[in-house]
Amino acid sequence: MAAWHGRTLPPTMARDASEQQTPASPTLMGARVRQLRRRRGLTLEELARAVDVDKAHISRIENNHKSPSVAMLAQLAKTLNTSIGHLLGETLDKAEIKVTRAAELQSSPRLQQSREPGEHQFRPLLHGKAVGSFEAFLVHPGPDPGTTEARHSGQEMLYVVAGTVEVMFHDHVVTLKQGDCIHFPGYLHHRLRRVGRAKAAALLVLSNA
17 MAAWHGRTLP PTMARDASEQ QTPASPTLMG ARVRQLRRRR GLTLEELARA VDVDKAHISR
77 IENNHKSPSV AMLAQLAKTL NTSIGHLLGE TLDKAEIKVT RAAELQSSPR LQQSREPGEH
137 QFRPLLHGKA VGSFEAFLVH PGPDPGTTEA RHSGQEMLYV VAGTVEVMFH DHVVTLKQGD
197 CIHFPGYLHH RLRRVGRAKA AALLVLSNA
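Start counting the sequence shown at 17; every next residue gets the next number (the numbering used here).
Below, the structure written as structure tokens:
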């Protein structure tokens, strides 16, 4: 995630002279508009039609190339079922903050990757579904990597919480110990297993972007 807080947009960046600029940070506002649009399952085209502008206009707002006028903010807030204050960062939408307590994780069902001996066990950390563009799991790798190689779109990150874990690629094996972290594109064929008898645990984050 780019650290854009406090960034000043270049004065040469195109803006409509007719639009009155708001004092909100365009970077934060663009991120809020994108997040709320995706949460409500709207495409760029659908949001653009709802507020009577073209798709490129919404794209520029979300990518911080244009600051919306007060009138546009009002239309966006109504369509996205939020307030202008939230879009401006003046209020907090507590629904955006999701906490899963340890007791919930312990009682939630585990998702199995396969039925092979030594199978891995996965426990979803984000209420059992994707949040935005990523998913997170606590995985307990089995001693056997299995015969099936994983491959998926997006990115993968694995942080070892306990024990020792091997990530096996075609002709390369990476051994990770507690505190180690690995990141790689999901299109690489890979398998996973624990090393030794001690139980291993790792934080697995999958991103589709």
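Built from N, CA and C at the ideal position, the CB exists for glycine as well.
Where residue i falls, given that 16 or more other Cβ within 10 Å makes a residue buried
i, result
"S130", "With a pLDDT of 45 at S130, under the threshold of 50, the predicted position of this residue should be treated as unreliable, though the coordinate-derived value follows. S130 should be labelled exposed."
"K215", "exposed"
"G212", "exposed"
"E78", "buried"
"A218", "buried"
"T191", "exposed"
"T98", "buried"
"N224", "exposed"
"P201", "exposed"
"R209", "buried"
Closest by C-alpha distance to residue i, when choosing among the options
i, options, result
"D160", "L141, H199, V181 and E172", "V181"
"T44", "A178, V190 and T107", "Strictly speaking, residue 44 in this sequence is Leu, with Thr absent from that position. It is T107."
"H156", "H168, Q171, G179 and V189", "G179"
"H186", "A166, Q194 and E172", "A166"
"L222", "R50, F138 and D70", "F138"
"L204", "G57, A93, R48 and S169", "S169"
"A87", "D68, L154 and E62", "D68"
"G105", "L89, L154 and M173", "L89"
"L58", "A47, P84, S83 and T95", "T95"
Reduced DSSP secondary structure (H/G/I, E/B, other) of residue i
i, result
"R67", "The displayed chain sequence assigns Val, not Arg, to residue 67. Coil, per DSSP."
"V211", "coil"
"H156", "strand"
"T95", "helix"
"E151", "strand"
"H102", "helix"
"L58", "coil"
"H73", "helix"
"N224", "coil"
One or two residues paired with residue i in a DSSP bridge
i, result
"Y175", "C197 and L219"
"M184", "V189 and R207"
"A166", "H206"
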